[in-house]
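Step one of this worksheet: look at the structure below.
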Amino acid sequence: MPTINRSNHRIDPKIPFLETALNLQQAKHRLCTVIPNVQRITAANLVRHKLGRRALIEYHIETHSGPLTLLGKIRAKGTDYTSYHLQQALWNQGFDDNSPDGYSVPEPVGVIPGWRMWLQRKVPGIAVTELLPTNDGVAICHRIAGLAHKLHGIPMPTAKQQTLTDELNILHARLPRVAQKYPHWQTPIENILDACNQIVAHHPAADYTTPVVGIHRDFYGDQVLVDCELISQRWRYRIWLVDLDLYCQGHPALDIGNFIAHITEQSLRETGNPNAMADRETALRETFINTFSIPGLSAENLRYEIERYTLLTLVRHIHISTRIATRNHCTELLLALCETRLKSFMKCYSLTKNPMN
Numbered sequence: 315m316p317t318i319n320r321s322n323h324r325i326d327p328k329i330p331f332l333e334t335a336l337n338l339q340q341a342k343h344r345l346c347t348v349i350p351n352v353q354r355i356t357a358a359n360l361v362r363h364k365l366g367r368r369a370l371i372e373y374h375i376e377t378h379s380g381p382l383t384l385l386g387k388i389r390a391k392g393t394d395y396t397s398y399h400l401q402q403a404l405w406n407q408g409f410d411d412n413s414p415d416g417y418s419v420p421e422p423v424g425v426i427p428g429w430r431m432w433l434q435r436k437v438p439g440i441a442v443t444e445l446l447p448t449n450d451g452v453a454i455c456h457r458i459a460g461l462a463h464k465l466h467g468i469p470m471p472t473a474k475q476q477t478l479t480d481e482l483n484i485l486h487a488r489l490p491r492v493a494q495k496y497p498h499w500q501t502p503i504e505n506i507l508d509a510c511n512q513i514v515a516h517h518p519a520a521d522y523t524t525p526v527v528g529i530h531r532d533f534y535g536d537q538v539l540v541d542c543e544l545i546s547q548r549w550r551y552r553i554w555l556v557d558l559d560l561y562c563q564g565h566p567a568l569d570i571g572n573f574i575a576h577i578t579e580q581s582l583r584e585t586g587n588p589n590a591m592a593d594r595e596t597a598l599r600e601t602f603i604n605t606f607s608i609p610g611l612s613a614e615n616l617r618y619e620i621e622r623y624t625l626l627t628l629v630r631h632i633h634i635s636t637r638i639a640t641r642n643h644c645t646e647l648l649l650a651l652c653e654t655r656l657k658s659f660m661k662c663y664s665l666t667k668n669p670m671n
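Start counting the sequence shown at 315; every next residue gets the next number (the working numbering).
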């Protein structure tokens, strides 16, 4: 019996066709323009919905060649052709589902402009966030370094760019909201922002250069899925990189620092100890630095940049913790951790003014 899941369904004036996109007969009519051999749609599930902005629908389809599951990504302000064409280009340049290195992106299938939607195959796998605490965590982080390097090595044209200053501006936009909500934290937040200002302004060497590559920009455990299958009595791993909506030009250290900071935050949130998965962080950082050379960037400067981006991302988690109920207990812990690590960084690099004293 064909089913439709309306459990998360909400009327959205910015996506007035959302209910239609969840209708099985309407969905079949539209999907036939993308996949000619559709027999029927057996389910249409609203997986995510951000009111007025975006929605994600999972379609279960029966075709003449077998079952198929697609994810339809809707953007309220218009079809995200940029992300669709980016993923299509990556798929065609070594990120397909048979890539020898085991790194892939989901196959983009087509576009339904009337629903401001583009479609991709749903891929199997477990989010790295779930796997990090397991015995496979360190080995997976070695592989994550290779995934980042592969992405950074494929030049894709994009007008979007994310710099260290942009990261700092995000903090100045968001942390004052925390201080407004929790006035007793205003002084430490001001000190943290002051320290971040100095870290962004500091350059370790006169001949310092900043390489620019294509980056994910939201690179962390939920955006990477690991799937494995037994082939010829050997386990074969396939690692899927998903959600490239924020892809842009930026420093390669941004992705690595972002991932490491998320590991630190996860450790703190789940165990109370920010160093609980330090070996995973080390595996990712050192593999990326020591295995993959980046033209114009020494290992020493790359390590420094990763540390800077890690700190800025960790500070951003202060605000994130106040928005997610299950993370509220971490806000004060994150404040203290950021103060400690910023102070250590500033002492290490002899920054002239240290507001953390």
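Beta carbons: idealized from backbone N, C-alpha and C, even for Gly.
Next item on the list: Tell me, to the nearest whole angstrom, how far the beta carbon of residue 572 is from that of residue 627; I am working on the premise that it is less than 8 Å.
Entry: 5 Å
Check: Since residue 486 is in the alpha helix (DSSP H), which residue starts that stretch and which ends it?
Finding: 478–495
Next item on the list: From the DSSP output, read off the bridge partner residues of residue 325.
Entry: DSSP output for residue 325 lists no bridge partner at all.
Next item on the list: Could you check the C-alpha separation between residue 603 and residue 612 for me, to the nearest Å?
Entry: 9 Å
Notebook entry, point to check: Apart from the five residues on each side of it in sequence, which residues of its chain come closer than 7 Å, Cβ to Cβ, to residue 652?
Noted result: 506, 628, 629, 632
Note to self: Is it buried or exposed, residue 353, if we count other Cβ atoms within 10 angstroms and call 16 or more buried?
What the structure shows: exposed
Checklist line | Through-space distance from residue 551 to residue 544, alpha-carbon basis | finding: In this predicted model, residue 544 has a pLDDT of only 46, less than 50, meaning its place in the structure is not dependable; the value taken from the coordinates is given anyway. In a straight line, the C-alpha of residue 544 is about 9 Å away from that of residue 551.
Check: Can you give the Cα-Cα distance for residue 396 and residue 530, rounded to whole angstroms?
Finding: 14 Å
Next item on the list: Determine the DSSP secondary structure at residue 434, reduced to helix, strand or coil.
Entry: strand
Next item on the list: Helix, strand or coil for residue 618, going by three-state DSSP, please let me know.
Entry: helix
Check: Does DSSP put residue 662 in a helix, in a strand, or in coil?
Finding: helix
Check: So what does DSSP say about residue 454, is it helix, strand or coil?
Finding: helix
Notebook entry, point to check: Considering residue 510, what are the terminal residues of the beta strand (DSSP E) in which it resides?
Noted result: It is not in any beta strand (DSSP E) - residue 510 instead sits in the alpha helix (DSSP H) that spans 500–515.
Check: Pick from 556, 562, 622: whose alpha carbon is nearest that of residue 575?
Finding: 622
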